[in-house]
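Q: Residue numbers (the working numbering), protein chains in the order written: chain A, 1 to 349; chain B, 1001 to 1324.
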Amino acid sequence: MTLEKPLSDRLTRGQRLELYYFLKLNRGLEEKLSNLYRQGKVVGGLYRSLGQEACSVGSAYALERGDIFTPLIRNLGAILVRGGSPHDIFCQYMAKAESPTRGRDLNVHFGWLSPEGSMPSVISMLGDMIPILTGAVMAERMNGRRTVALTWIGDGGTSTGAFHEGLNFACVQKAPLVLIVENNGWAYSTPTSRQTANPQFVDRAKAYGCFGEQVDGNDILAVYDATRRAVQRARQGLGPTLIEALTMRMKGHAEHDDMKYVPQEQVDRWAPRDPILLYENFLLADGVTAADLQEIAGRVDEELITELASAEASPMPPGGSGLTDVYFGSTAEDGTPEIVRQVRKAAGR
Amino acid sequence: MAVLTYLEAIRQAMEQEMTRDPRVFILGEDVGTYGGAFRVTQGFLEKFGPERVVDTPISETGLIGAAIGASLFGMRPIAELQFIDFIACGFNQIVNYAAKSRYRWGGGVPIVIRGPSGAGVHGGPFHSQSPESYFMNVPGLKIVVPATPTDAKGLMIAAIRDPDPVIFLEHKFLYRRLKEDVPEDDYTTPIGEARVVRAGEDVSIITYGAMVHSSLEAAEAVSKEGVSVEVLDLRTLLPMDRARILATAKKTGRVLIVHEATKTGGPGGEIAALIAEHAFLDLDAPIVRVAPPDTPVPYSPPLEEFFLPNATKIAEAIRALAGF
Chain A
1 MTLEKPLSDR
11 LTRGQRLELY
21 YFLKLNRGLE
31 EKLSNLYRQG
41 KVVGGLYRSL
51 GQEACSVGSA
61 YALERGDIFT
71 PLIRNLGAIL
81 VRGGSPHDIF
91 CQYMAKAESP
101 TRGRDLNVHF
111 GWLSPEGSMP
121 SVISMLGDMI
131 PILTGAVMAE
141 RMNGRRTVAL
151 TWIGDGGTST
161 GAFHEGLNFA
171 CVQKAPLVLI
181 VENNGWAYST
191 PTSRQTANPQ
201 FVDRAKAYGC
211 FGEQVDGNDI
221 LAVYDATRRA
231 VQRARQGLGP
241 TLIEALTMRM
251 KGHAEHDDMK
261 YVPQEQVDRW
271 APRDPILLYE
281 NFLLADGVTA
291 ADLQEIAGRV
301 DEELITELAS
311 AEASPMPPGG
321 SGLTDVYFGS
331 TAEDGTPEIV
341 RQVRKAAGR
Chain B
1001 MAVLTYLEAI
1011 RQAMEQEMTR
1021 DPRVFILGED
1031 VGTYGGAFRV
1041 TQGFLEKFGP
1051 ERVVDTPISE
1061 TGLIGAAIGA
1071 SLFGMRPIAE
1081 LQFIDFIACG
1091 FNQIVNYAAK
1101 SRYRWGGGVP
1111 IVIRGPSGAG
1121 VHGGPFHSQS
1131 PESYFMNVPG
1141 LKIVVPATPT
1151 DAKGLMIAAI
1161 RDPDPVIFLE
1171 HKFLYRRLKE
1181 DVPEDDYTTP
1191 IGEARVVRAG
1201 EDVSIITYGA
1211 MVHSSLEAAE
1221 AVSKEGVSVE
1231 VLDLRTLLPM
1241 DRARILATAK
1251 KTGRVLIVHE
1261 ATKTGGPGGE
1271 IAALIAEHAF
1281 LDLDAPIVRV
1291 APPDTPVPYS
1301 PPLEEFFLPN
1311 ATKIAEAIRA
1321 LAGF
């Protein structure tokens, strides 16, 4: 592919340890969420990214100030890298008043707009963010900014019409978009073989006319390198890149799913390829000490305990607080029938 | 003042807004080089360049999605659909993203989605639909349905400046058939405000779009028989002007609702329920709807004529109501 030194060689020791910090924070946060789920404190489902954390952390780390990204359900790590707080994520999962959506939407369905770098909120329908982020970076380009957008799609999500329409339009526009196809083998219970007759997702890059790379999604530096190259090309005006990250979903679709449909042999094969384990081995061989790693793990634990405590202390939103902001500055009627209003009025209530 | 067709009024509104505000741009199929299938954007490419007049692939989800994304980052996109029937191909982007975005996370989506709607031109099932009912049950959207060139211009400017997503339904039957003096300056017609286009005492017709003109024709016909008809042009379907609907219902006590969308689940049901809930004691007769039968819009002229409401059918309903 390239004989140049990988871009990750330029990462400082501090940056490499920061990558480790975010991997640990991603996993630690999800483990805390699993505990909350078992305690019945999570409202709705919980979707783990166990085994896929490098795909989120390594790629988001390749963005720069002002860049745009939208995570999918298994990209919690990207939110953390781009400044999202564990407190906000805990609150989202527990439907709390202090959640960024004030209890209106769940899990990673939140977002922000900021000159530092925006996160337009994802929705449940897969593929939709590809045309939306294409429009976002077209707008940035019209305004003379060289902003890059990054989003992800699963192996299953590539089957949607929105994936096709979005990527096709992005390529026609040479939009500065980086799309990571996170191929974890399973879309809920559906294996890749039932999703597509060509499971080589990187081939799609050629079909649409953009750059394509396939990487080991469990190798955080490989993910970083591929994304960094794609981001640089996009910023130079060379158009989109589709990166296929090969990985494995090590939990069910959500916590309720025991994934009995996944052959045990497949899980066993991937277990030693855990992205955090692989990166620890790399760092230890690179001169980082076990004590350094312990220190980071300890810091992550402390931080999560504090953030969780404040999230648990947040109240639930009052029932009537969901009537505002359907439109700019609006407050909707509460739905009380007219005749009931009249009876209440007559009764002086 | 200059005499403009309904189509020219829409064109002038967009052209003036694009000149005034660099955030406004248009994207759609064949809107650039060709000037749009109905030539609404004729001359735009030459005037504003390819970055602001974007020819897209045949890709309604792609182009509506891109409009949403651009609007989140400060732009004011206008997405043209070649025929409004194709709005179904971008349905998910509209109802799940654009409509809910502000409510969920604060991301306002100031886009206009516009296109030729309505029947009467023998376009058949896929080039004649009135899709307003699909969207009326979606909080977060606004739906605009101008009936005159003056309102078309004022509502288009208002839609472009609106902070929320607006579906702008242009009646293709009116595009070149209606002409009137339209103010040249920039003005807005407020979204959400209906207008009494003919004052009357005996029967109220509540309608919008091309049916405003059929209703006025019917009102004129029955006036010779001594029946005084008030015609309310809704102009906006979402949010609905409840105050003016209730005012006319209370004034005459006899309400006829006319629309081109098919009857079951159409806007008339909502209007009738609103009146029943808030003005039941003011009514002197049952609320009546004149709307097409629950079939797709048929193609052959006699079939389509049978399908659509017209002045004769409306006048018949007025007489029945007046005599109740």
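The beta-carbon is built from N, C-alpha and C at its ideal position, and this holds for glycine as well.
Source: prediction; values computed, not measured.
Return the chain-ordered list of same chain residues with a C-beta closer than 7 Å to the C-beta of Phe169 of chain A, the five sequence neighbours on each side being excluded.
A: Cβ neighbours of Phe169 of chain A beyond the five flanking positions: Pro131, Thr134.
Q: Check each candidate in B:Ala1194, B:Ala1199, B:Glu1220 and name the one with the smallest Cα separation from Gly1209 of chain B.
A: For the residues B:Ala1194, B:Ala1199, B:Glu1220, the minimum Cα distance to Gly1209 of chain B belongs to B:Ala1194.
Q: Could you tell me the distance, in whole angstroms, from the CA atom of Lys96 of chain A to the CA atom of Ala1291 of chain B?
A: C-alpha separation (whole angstroms): 46 Å.
Q: Indicate whether Ala60 of chain A and Pro275 of chain A have their beta-carbon atoms separated by less than 8 Å.
A: No.
Q: For Ser1204 of chain B and Leu1256 of chain B, which I take to be in contact (beta-carbon distance under 8 Å), what is that distance rounded to the nearest angstrom?
A: The pair is a contact, with the Cβ atoms about 7 Å apart (cut-off 8 Å).
Q: Anyone know if the C-beta pair for Gln1016 of chain B and Asp1162 of chain B falls short of 8 Å?
A: Contact flag unset, no.
Q: I'd like to know if Thr1113 of chain B contacts chain A, where contact means its C-beta is closer than 8 Å to some C-beta of that chain.
A: The question names Thr, yet the displayed sequence has Ile at residue 1113 of chain B. Ile1113 of chain B does not count as touching chain A.
Q: According to DSSP, is Glu98 of chain A part of a helix, a strand, or is it coil?
A: In the structure shown, Glu98 of chain A sits in coil (DSSP, three-state: anything other than H, G, I, E or B).
Q: Using a Cβ-Cβ cut-off of 6 Å (strictly less than) and excluding sequence neighbours within five positions of His253 of chain A, which residues of its own chain qualify?
A: Once the five neighbours on either side are set aside, the close Cβ partners of His253 of chain A are Tyr188.
Q: So for Met1 of chain A, helix, strand or coil by DSSP?
A: Here Met1 of chain A scores only 49 on pLDDT, less than 50, and its place in the model is too uncertain to base an answer on.
Q: What does Arg341 of chain A reach in chain B if we use C-beta pairs closer than 7 Å?
A: By Cβ distance, chain B contributes nothing, its closest Cβ being about 10 Å from Arg341 of chain A, past 7 Å.
Q: From Leu1234 of chain B to Thr324 of chain A, what does the alpha carbon distance come to, in whole angstroms?
A: Rounded to the nearest angstrom, the two C-alpha atoms are 25 Å apart.
Q: Would you list the one or two residues that DSSP bridges to Met351 of chain A?
A: Residue 351 of chain A cannot be examined here, being either before or after the span of chain A that is shown, 1 to 349.
Q: Taking only beta carbons into account, state which residues of the region 129-142 of chain A come closer than 7 Å to chain B, listed in chain order.
A: Answer in chain order: Pro131, Ile132, Leu133, Thr134, Gly135, Ala136, Met138, Ala139, Glu140, Met142.
Q: What are the residues that DSSP puts in a beta bridge with Asp1233 of chain B?
A: Bridge partners of Asp1233 of chain B: B:Arg1195, B:Thr1207.
Q: Measuring alpha carbon to alpha carbon, tell me which residue in B:Arg1020, B:Val1229, B:Arg1177, B:Glu1201 is nearest Ala1377 of chain B.
A: The structure shown has nothing for residue 1377 of chain B, since chain B only spans 1001 to 1324.
Q: By the criterion of Cβ-Cβ separation under 8 Å, what are the contact partners of Asp1164 of chain B in chain A?
A: What Asp1164 of chain B touches in chain A: Tyr327, Phe328.
Q: Against chain B, does Ile123 of chain A count as a neighbour if the rule is that its beta carbon must be under 8 Å from one of theirs?
A: It does; some Cβ of chain B falls within 8 Å.
Q: Please confirm whether Leu7 of chain A has its beta-carbon closer than 8 Å to some beta-carbon of chain B.
A: No, because no Cβ of chain B sits closer than 8 Å to the Cβ of Leu7 of chain A.
Q: Quick one: is Leu113 of chain A near chain B, going by C-beta distance under 8 Å?
A: So, interface residue.
Q: Please name the residues in the region 1261-1293 of chain B whose beta-carbon is closer than 8 Å to at least one beta-carbon of chain A, in chain order.
A: Going along the region 1261-1293 of chain B in chain order, one finds Glu1277, His1278 with a Cβ nearer than 8 Å to chain A.
Q: With three or more C-beta pairs closer than 8 Å as the rule, is the region 61-72 of chain A touching the region 281-298 of chain A?
A: Segments in contact, no.
Q: For the region 97-117 of chain A against the region 336-349 of chain A, are there 3 or more C-beta pairs whose distance is under 8 Å?
A: As far as the Cβ criterion goes, the region 97-117 of chain A does not touch the region 336-349 of chain A, which means the pair count is below three.
Q: With 8 Å as the threshold, decide whether the Cβ of Pro109 of chain A is near any Cβ in chain B.
A: One point to set straight first is that residue 109 of chain A is His, not Pro, in the sequence displayed. True, the Cβ-Cβ gap to chain B drops below 8 Å.
Q: Output yes or no for whether 8 Å exceeds the beta carbon distance between Ala139 of chain A and Gly1074 of chain B.
A: In this structure, Gly1074 of chain B lies closer than 8 Å to Ala139 of chain A by Cβ.
Q: Would you mind reading off the limits of the alpha helix (DSSP H) that contains Asp225 of chain A?
A: Asp225 of chain A -> alpha helix (DSSP H) spans 220-235.
Q: Taking the beta carbon of Met316 of chain A as the centre, do at least 16 other beta carbons fall within 10 Å, making it buried, or is it exposed?
A: Met316 of chain A comes out exposed.
Q: With a 10 Å radius around its C-beta and 16 neighbouring C-beta atoms as the bar for buried, classify Met1 of chain A as buried or exposed.
A: Any answer about Met1 of chain A is weak, because its pLDDT of 49 lies below 50 and its placement is not dependable; what the coordinates show is given next. Exposed.
Q: With 8 Å as the threshold, decide whether the Cβ of Val202 of chain A is near any Cβ in chain B.
A: No - not a single Cβ of chain B is within 8 Å of the one on Val202 of chain A.
Q: Quick one: list the residues of chain A neighbouring Asn1137 of chain B, beta-carbon separation under 8 Å, in chain order.
A: Result: empty, since nearest Cβ-Cβ is about 13 Å, beyond 8 Å.
Q: Would a C-beta distance cut-off of 8 Å place Ile89 of chain A and Leu76 of chain A closer than the cut-off?
A: Yes, the pair counts as a contact, with Cβ atoms nearer than the cut-off.
Q: Which word fits Ala1243 of chain B, buried or exposed, when buried means at least 16 other C-beta atoms lie within 10 angstroms of its C-beta?
A: Ala1243 of chain B is exposed by the Cβ-count criterion.
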